[in-house]
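**Q**
Residue numbers (our numbering), protein chains in the order written: chain G, -19 to 199; chain S, 112 to 691.
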């Protein structure tokens, strides 16, 4: 991914990006932010797992933020497992909270994902539809670092208290995106610059002998 | 007695499947042959069964063959169109490599029938290929170059009122060869999810194969058009059996290798379908007269097919020579055993081949044995797709993860990666148009950007790390501290019940031959006449011998297996087989 992210995590991030695209969103701004945090060493992939009387807890092992790439992978694994032992978990100081929500959305497991800056709550239902509710003017998909809570058995009654709501009828939106595509913004150029870091510079030798076929075919 | 209806009562042997330890090795993968389950065969059967209709909607091409063409195919539920842009190309720009910047012809497969504005938009983008941008209305992006020596020859002969020289036709086998066929969301085109539930797209690579089939039609139209422009009233069209003998060439390089490693469940499904087909045939207790006769006819046809397979590569030439001898042996053995009227004849013949033949001889025997049993095996083509979803099991204790490796990846643990020869090469994407390349780890830069194709090494490293960890630690805890192993852990935890998913060999060793991987995949496509040009790439022919669009409703859609061509040395017999 151009920011020293292992392939196993990068591949899962790609799936969350597909989920964001299927929800009609450009995944580039979120991808760009999470890579920037890592590239600038403000975040780490190193996490530590613990359990208290109420929740599973995940936090960074350093004073850096925990990368949403690691947090999202863990959330996806946890939601993908058929278990009742740990109904909820808390992840402290995640750099890009919305990517954790994207991982939850990709998992197709009903749950809620919430954080407090700004105060917001995202509910995923059994049909993969999702609703984001929040207070204040800033949409929570662009919030800064925050502590994120995930609950597999949500009580959705509190939703009425939020000022703003946005609903995504997932399958309908996905079909529309498959037929029409999505609008993308300028942040793709930053993603591409990360991507280019993954390519090996070409040399005369590698151009001539690193791949098949001749450089000119007159057959 | 039709074998389908009586399959269960006729089959008393437990179905025998060949072991993954034997099958999923590079040397055997590199000896693969197409079968009647191959994707081109499946597509042609569907086209004929559903009576697809073909229509040339536009052919706005000048007398040199440059311009815009649109070919439509109407399936029972929807229409697809091939949009073809043919261009002038300087000789020094003609290369089969990904790094090419210009081509003789560029194509889109369009979902529906394009409007003028679609054509105008694509005319600005498609000739630029990877540098262009596309919409979900485009399903495939591809390009092709002419075989100059054949294209120019055919133009001249047809313009002069003559048919092309058959020996030259046979020695090349195609007028154009594709150098890339991109599907599934590349450069803005449609995501696979858009079409994956359509019946005609359900099987593997069916839409890409349709694209190639239409390019074949276009290439023949193009050569006849240019000949007409040059020859005027003197010009003639190509005879039908010669058209049928032309396929579409393809130059295939390293790009296919990552696909095989990155789609393990799909590969398992492909191999399982073929092995299930073989097991069903081997399990037949009594063999009908019809299938005996079909096999006998096929043996003769394959004998000619192999005799017409000529390549420059010395190693492959030796293999073909041995294959010819083994075919003679198989003919004799078949006659001998047939006379004895034994039970389980097919099982006996396979065991004979396994004990006496080269890997190519064994795999050719498998393809031939499956061929006469369409009623028994064709349904298996419907199983050759898969979801590649793989999940981490976070609670799995490391001691169990270790056991999984010991049970299913022993082949990987047996490779000593401390030996530099066993990790000499690395796969990477070059900044040159993302061309996949293979480099020497100890001589060339870029090792840190290696593609993750070294499954054996990665599993071996994971196992070594697990040995130092407490067995009761959970996978989740382990991955928090070792995110670099996430991909390998997910693979081990997800694939243990998919026995044919892994290539059980070292893909970074000193002696790895990527061409083995290419042939394996291309055989599943249905390609023939493998023509290795080095260890890194091969040319092949697709749809050679297949019916032309106008013949689909009147011919046997399976008669083109192991195509034989009208040739000088095989004379009229070969021509009659093509005409069957």
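Just so it is clear, CB atoms sit at the ideal spot from N, CA and C, and this is done for glycine as well. Bear in mind that the values here come from a model prediction, so they are computed numbers and not experimental data.
1) Looking at chain G, is there any beta carbon in it that lies within less than 9 Å of the beta carbon of residue 214/S?
2) Smallest Cα separation from residue 542/S: which of 186/G, 153/G and 199/G?
3) Give a yes or no on whether 9 Å exceeds the smallest Cβ distance from residue 58/G to chain S.
4) Just to confirm, is the Cβ distance from residue 524/S to residue 570/S under 9 Å?
5) Restricting to Cα atoms, I'd like to know which of 180/G, 67/G, 1/G and 191/G is closest to residue 83/G.
6) Determine, using beta carbons only, whether residue 304/S comes closer than 9 Å to chain G.
7) Determine contact between the segment 630 to 647 of chain S and the segment 659 to 666 of chain S, defined as no fewer than three beta-carbon pairs at a distance below 8 Å.
8) Residues in its own chain within less than 6 Å of residue 207/S by CB, not counting five upstream and five downstream?
9) Interface residues of chain S around residue -11/G at Cβ under 7 Å?
10) When the Cα atoms are used, what is the spatial distance from residue 581/S to residue 564/S?
11) Taking C-beta to C-beta, are residue 14/G and residue 76/G nearer than 9 Å?
12) Looking at chain S, which residues of the segment 63 to 74 of chain G have a Cβ within less than 8 Å of any of its Cβ atoms?
13) Give the straight-line distance between the Cα atoms of residue 449/S and residue 400/S, rounded to the nearest whole angstrom.
14) From which residue to which residue does the alpha helix (DSSP H) around residue 265/S run?
15) For residue 191/G and chain S, any beta-carbon pair shorter than 9 Å?
16) Using the beta-carbon of each residue, which ones in chain S are nearer than 8 Å to residue 158/G?
17) Give a yes or no on whether 9 Å exceeds the smallest Cβ distance from residue -3/G to chain S.
18) Using a C-beta to C-beta distance shorter than 7 Å, which residues of chain G count as neighbours of residue 503/S?
19) My assumption, with CB atoms under 8 Å, is that residue 501/S sits in contact with residue 380/S. Please give the rounded CB distance.
20) Helix or strand or just coil, what does DSSP make of residue 217/S?
21) Three Cβ pairs or more, each shorter than 8 Å: is that satisfied between the segment 304 to 311 of chain S and the segment 359 to 376 of chain S?
22) Ordered along the chain, which non-local residues of its own chain (more than five positions away) have a Cβ less than 8 Å from that of residue 507/S?
23) List, in chain order, every chain G residue whose beta-carbon is nearer than 9 Å to that of residue 540/S.
24) Which residues in chain G sit within 8 Å of residue 645/S, going by Cβ to Cβ distance?
25) Cβ of residue 209/S less than 9 Å from any chain G Cβ?
26) If the cut is a Cβ gap below 9 Å, which residues of chain S does residue 26/G touch?
27) When you compare the CB of residue 292/S with every CB in chain G, is at least one pair closer than 9 Å?
28) From the DSSP secondary-structure annotation, give me the bridge partner or partners of residue 360/S.
29) Less than 9 Å between CB atoms is the rule here; does residue -14/G satisfy it with respect to chain S?
30) Should the segment 197 to 216 of chain S be called in touch with the segment 281 to 297 of chain S, which here means at least 3 C-beta pairs below 8 Å?
31) Hey, does residue 648/S have any beta-carbon neighbour from chain G nearer than 9 Å?
32) Roughly how many angstroms separate the alpha carbons of residue 240/S and residue 203/S, rounded to a whole number?
33) Hey, does residue 35/G have any beta-carbon neighbour from chain S nearer than 9 Å?
34) Got a sec: is the Cβ-Cβ distance from residue 52/G to anything in chain S below 9 Å?
35) Using 8 Å as the threshold, is the segment 164 to 181 of chain G in touch with the segment 544 to 561 of chain S, meaning 3 or more CB pairs across them?
36) Determine, using beta carbons only, whether residue 190/S comes closer than 9 Å to chain G.
**A** The answer reads as follows:
1) no
2) 186/G
3) yes
4) yes
5) 1/G
6) yes
7) no
8) 290 and 362
9) 594 and 597
10) 28 Å
11) yes
12) 63
13) 10 Å
14) 259 to 270
15) yes
16) 247, 301, 302, 304 and 305
17) no
18) 57
19) In fact, because the Cβ distance is near 14 Å, the residues do not count as touching under 8 Å.
20) strand
21) no
22) 585, 586 and 604
23) 178, 179 and 180
24) 192
25) yes
26) 591, 592 and 594
27) no
28) 288/S and 652/S
29) yes
30) yes
31) yes
32) 18 Å
33) no
34) no
35) yes
36) no
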